Structure formats: C-alpha cells, structure tokens
C-alpha cells in the first residue's frame, strides 16, 4: 500500500504562501511573564457594557438562528446611515452592504470576487499582513509600492503611475494605516483618483481604523466624486468599538460587486454570528459616546507616547491614525529583528520588528499604544535604558 | 478641556503636570496653574488612594448610618451637619431625599467601635430622632473601581 503523506496534499496556491514570520517571535513572547509588551494590535478596552449587554440579551431571548446572508436588515440600515453620516458614503442597505466576520473576511471576499489568476494588485508597504496572501490565493500577483516616512507613508500619484500596467486590476488602500499610523487626506486621495479615473482599476479601501484619526476626520475613497462605482469599502467594529473578539465587520460596494461578494459569503460563511450582529446593532445605536471616549483616550496616549519616545532620543513621524507609532531605529546599526530580540532579552520590553510588515519596514519598529498610560511609560523607559547601552 | 483635566485627575491623581500637559496639548505651567486654581477654589478637594483593606491584616469596617433629625428653625440641616462632619470617624455625610435625612458613612476598626460611636456620639445629638446602622459586608465596587484582582492581559498577539 502506498503510504499517505498529508504534507503532500496541500494546494500549490496555499503551499506558496509563506507562514507568518512573526508567529515565532510572538510565541517566544507569550512564554515570558516579566516583559512589558507594546506589541498588541487590538484595543485594550473591554467592549462597552451596553454593547455586551445587547449581545447577551439576544442569546437570552433565544435569537440563536441564522440571519439573512447579508446580515440583519436593521443592522445594515444602521451601517448605511452611519457611513452616510460619518463619511459621506452612500451605500444602499439592501443591495450594497453585507455584514461579515470582521474586516478580514470583507477583504478576502472582495479579493475573491474581483481577482483572476494573472491579475495584478497594487499594494503599498509597510502594511498589515493579510492582503498579499489573500490576493495570492486568487492567483493574483502583488505589485508593491513602498511608502516612505519622508512622504508621511502616503501613496503618491507618481509611485502609483509607475506601477500601473494593463494587467492592474485592483489597488488596495489601507488607511489609517497599520503599522505606520499614516493617513491619506482628501487631496492625497483626489490625486490617486485622478490617476485611475480613466483606467479599469478597482479600489479596495480597508478603513478598519477610520474612526481612529487624530486632528482630522477620515476621508473615505468611496466618497470622492465618481469613485463609488469602483470602490469596495471594507471596515468593521473591532477597532472603533473595541469588539475584536466578536468578529464583526462589513463590506460596502456597488450592487454588481456586492452580489458577487454575497455569493461567496453565502456558501462559505452563511452569515455573521447573530449575537455579534445584535451587539453591533447596539454599537451603532448607542455606542457612539463610548467610542468617542476611547478615541480621546487613544489620542492622549499617542501624545504621551511620542513625548516619552522623544525623551529617550527616539523622535519619530507623528502618526495621525490607528494606535501605533513607527519609529526609525536604523541609526542604531541593528536590524529590526535584532533590535526587538535584544530589547526583550536585555531590557524586558517588547515591540514588533518593522520587517513583519514587509521588507520596507526594515529599520523600523512598531509600538502599540493600546495600553494603559503606566504600561506605556514603563515600556518606553525600559527601551530608553536599552538604547543607552547601544 | 477644563473638564477633561478634572476627569483625568479623578481617574488617576498620580499623573504629573508634565504628563497632563503632553496629553492635553498644553504647557506644563498652565496645567500647574489650573490645578492650583482648582485647589484654591475647592473644586479639587484632595488626592486619595483607594485601598482594599480586606486584603491587608488591618481590621477595618465601613458602615452606613441612616439618621432621622429634626431640622433647626433658622439653619435647617446645616448646623447639625457641620457638627457631624467634625468627627474623624465620619468618612462621608450626605443629606438625602426619601425615607431618612442624613446618610453617614463611617469607618472604624471593628463593628463594636462603630456601634459605640453611633450610640455615644451620634444618637445623643440634640436634633437626632433615630439612627439605623448598616454594616458593609463586602465591597464590590467603590468610586468607580471594581474590587477584583488586576486583570491579566489576555489579548493574543496579532499584527
């Protein structure tokens, strides 16, 4: 009998995806109790009680059924009016919105609905890690644009023009950005819109951090004149409402794209968890005040983090969104990985090495300020002691 | 902005003027002056530490005393209130609506000590008509702080 080898049955598409290098680093970190970590990419707030209560009540009342594939109609109505109110986006609750399992599913669905093998996807780096593997699973080729600190980590029209080819199908914009904290303002987005206006390029705009901007309101690409028809907006409840574990997001797109997306979601997922959807409904209806309090707190921590970093001689680009700072550590002569490992071993503080977000993140570290003020101060103080030994 | 400063201090009185200035985009000197003014005006009355005495070896009890009093013709409840406030055993004193007049929060070492204080000091006061003593058996939440072990950070690491 021929021996069966399960390691030989993985599809070429999947086998071609590199395992996340950062996992090993995190696994090492998880085993250490005395390390002050500034690594976590999710809110430290517990979901506001009103929202949790609505989720619990829905279970108590026995609302344990599937909802419609697109999600509770009431929730879609609320999301639709929220998008209109907050970001001047106009997506019809019935035909142009779908509730997903977090923003990540929204990105996956959009990629699968839009990409054919051989298509090119333009993606800016440094960036969150999910886009490239999800596009590659569709057989698409990822074409990188490197954003720089000098240009506030923005995608410029020049850089975009340089990589567009007849095969370009999709441009992914992920702003406010993880890990850089960079944002794209209206004029920046308009310049991008001008470049693609006469092309067939679709834009996937991941706006999961849209509520977390400091000093200016997030501008959604889909709200620019003429851009809605080619824009898929992916977002969710995780960051704004501190609801990561509920896995609740949504995707908004013109009806023909949305119905393609719905087809995949219907077969792969059926619907987002019902209790989470009821919690999301409460978030939309009653969660705004709690959300604004959390955002104000992130902003205060952001300022404190920058000030504490400046004190230890690590001044950096002022992030305008998300909850990360991304300082340049290249002048210390260590790679990001070396820096992060030695920081743990020698000073018991942890940050994420920048190369986890693509090669262009080399020379940087990501510091999350989704932590209490005391925790942030202690972590940066330890980093300061480490820097003084270099 | 003013309320924001007070809210931050109410939540954590140990924040330094320098840290507050950074977080509120102000000058350190301005923050110091604002805090000074609040203290002078009696808006900020003090800075205390929330202690869970049950976790220490120190004996400690809290009690709520309901007081019925007859108000004075000219000064209403104020005169008797001022008198009660002077006792260091009295932690808080509130004039209440509803079934009784004053809520007196007492702190003492033992139940006996608290009971004796009520019997010997509060009850004999001229305008006090009656008292009812309720001892706190367990604190679950005080001043907005839930009495529990500090939570461990259970968030998983993800990018």
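Protein chains in written order, with the working numbering: chain A, 64 to 453; chain B, 136 to 294. All C-beta atoms in this analysis are idealised placements derived from N, C-alpha and C, irrespective of residue type, glycine included. These numbers were taken from a predicted model, which means no experiment stands behind them.
Would you call residue i buried or exposed, if buried means 16 or more other Cβ atoms sit within 10 Å of its Cβ?
i                      : result
residue 235 of chain A : buried
residue 234 of chain B : exposed
residue 66 of chain A  : exposed
residue 242 of chain A : buried
residue 270 of chain A : buried
residue 306 of chain A : buried
residue 294 of chain A : buried
residue 195 of chain A : buried
residue 239 of chain A : buried
residue 446 of chain A : buried
residue 140 of chain B : buried
residue 183 of chain A : buried
residue 154 of chain B : buried
residue 274 of chain A : buried
Kindly list the residues whose CB is nearer than 7 Å to the CB of residue i, restricted to its own chain and excluding five residues on each side of it in sequence; keep chain order.
i                      : result
residue 117 of chain A : 341, 342, 344 and 345
residue 381 of chain A : 369
residue 364 of chain A : 432, 436 and 439
residue 185 of chain B : 277, 278 and 280
residue 260 of chain B : 215 and 218
residue 318 of chain A : 158 and 159
Under 8 Å Cβ-Cβ, which residues of chain B neighbour residue i?
i                      : result
residue 102 of chain A : 292
residue 92 of chain A  : 292
Going along chain B in order, which residues have a C-beta closer than 7 Å to the C-beta of residue i?
i                      : result
residue 89 of chain A  : 292
residue 137 of chain A : Here the premise fails: no neighbours, minimum Cβ distance about 30 Å.
residue 105 of chain A : 290 and 293
residue 72 of chain A  : Per Cβ cutoff of 7 Å: no residues; residue 72 of chain A is ~28 Å from chain B at best.
residue 208 of chain A : Under the 7 Å cutoff, chain B gives no residues; its nearest Cβ is about 20 Å from residue 208 of chain A.
residue 370 of chain A : 157
residue 85 of chain A  : 294
Sorted by chain position, which residues of the same chain lie with C-beta nearer than 8 Å to residue i's C-beta, five sequence neighbours on each side aside?
i                      : result
residue 132 of chain A : 161, 325, 328, 329, 333 and 334
Please list, in chain order, all residues of the same chain as residue i whose beta carbon is under 6 Å from its beta carbon, the five residues on each side excluded.
i                      : result
residue 113 of chain A : 345 and 349
residue 373 of chain A : none
residue 135 of chain A : 340
Given that residue i touches chain A, what residues does it touch there, using C-beta distances under 7 Å?
i                      : result
residue 158 of chain B : 363, 366 and 367
residue 201 of chain B : Those within 7 Å of residue 201 of chain B in chain A number zero; the least Cβ separation is about 31 Å.
residue 154 of chain B : 367
Mind pulling the chain A residues with CB within less than 8 Å of residue i?
i                      : result
residue 289 of chain B : Going along chain A, no residue has its Cβ under 8 Å from residue 289 of chain B, so there is no contact; the nearest lies around 10 Å.
Output, in chain order, the set of chain B residues within a Cβ distance shorter than 9 Å of residue i.
i                      : result
residue 191 of chain A : 294
residue 385 of chain A : By Cβ distance, chain B contributes nothing, its closest Cβ being about 12 Å from residue 385 of chain A, past 9 Å.
residue 419 of chain A : 294
residue 286 of chain A : Simply none; closest approach about 28 Å.
residue 415 of chain A : 292 and 294
query = Is the stretch 272 to 285 of chain A close to the stretch 149 to 163 of chain A, with three or more CB pairs under 8 Å?
reply = They touch, by the three-pair rule.
inquiry  = Contact between the stretch 138 to 147 of chain A and the stretch 163 to 174 of chain A is defined here as three or more beta-carbon pairs at a separation below 8 Å; is this criterion met?
reply    = No, the stretch 138 to 147 of chain A is not in contact with the stretch 163 to 174 of chain A.
inquiry  = Quick check on the DSSP output: what are the complete alpha helix (DSSP H) runs of length 4 or more inside the stretch 129 to 154 of chain A, in order along the chain?
reply    = 136 to 150, all fully within the stretch 129 to 154 of chain A.
request  = Could you say if the stretch 407 to 420 of chain A and the stretch 99 to 107 of chain A meet the contact criterion of at least three C-beta pairs nearer than 8 Å?
outcome  = Yes: at least three Cβ pairs fall under 8 Å.
query = Quick one: complete alpha helix (DSSP H) runs, 4+ long, within the stretch 180 to 255 of chain A?
reply = The DSSP assignment places complete alpha helix (DSSP H) segments of no fewer than 4 residues inside the stretch 180 to 255 of chain A at 194 to 200 and 220 to 226, in order along the chain.
task = Evaluate contact between the stretch 347 to 361 of chain A and the stretch 119 to 126 of chain A, counting only Cβ atoms and requiring at least three cross-stretch pairs below 8 Å.
result = Between the stretch 347 to 361 of chain A and the stretch 119 to 126 of chain A there are fewer than three inter-stretch CB-CB distances shorter than 8 Å, so the stretches are not counted as touching.
query = Counting pairs of Cβ atoms below 8 Å between the stretch 253 to 268 of chain A and the stretch 397 to 407 of chain A, do you hit three or more?
reply = Taking a cut-off of 8 Å on C-beta distances, the stretch 253 to 268 of chain A does not touch the stretch 397 to 407 of chain A, as fewer than three cross pairs fall below it.
query = Counting only runs that start and end within the stretch 72 to 112 of chain A, where is the alpha helix (DSSP H) found for 4 or more residues in a row?
reply = If we require 4 residues or more, the alpha helix (DSSP H) runs fully inside the stretch 72 to 112 of chain A come out as 75 to 78 and 85 to 93.
task = Ignoring anything shorter than 3 residues or poking outside the stretch 173 to 242 of chain B, list the beta strand (DSSP E) runs there in chain order.
result = You should have 196 to 204 and 225 to 230.
query = Given 8 Å as the limit, is there contact between the stretch 157 to 170 of chain B and the stretch 182 to 197 of chain B, that is, 3 or more CB pairs closer than that?
reply = They do not touch, by the three-pair rule.
query = If you scan the stretch 349 to 393 of chain A from start to end, which runs of the beta strand (DSSP E) of 3 or more residues do you find wholly inside it?
reply = Listed in chain order, the beta strand (DSSP E) elements of length 3 or more contained wholly in the stretch 349 to 393 of chain A amount to none.
query = What are the complete beta strand (DSSP E) segments, minimum 3 residues, inside the stretch 325 to 352 of chain A?
reply = As for any beta strand (DSSP E) of minimum length 3 sitting wholly inside the stretch 325 to 352 of chain A, there is none.
ask   = Are the stretch 73 to 91 of chain A and the stretch 197 to 210 of chain A touching by the rule of at least three beta carbon pairs closer than 8 Å?
value = Because the criterion of three Cβ pairs below 8 Å is met, the stretch 73 to 91 of chain A and the stretch 197 to 210 of chain A touch.
query = Taking contact to mean at least 3 C-beta pairs separated by less than 8 Å, is the stretch 243 to 258 of chain B in contact with the stretch 193 to 205 of chain B?
reply = These segments touch.
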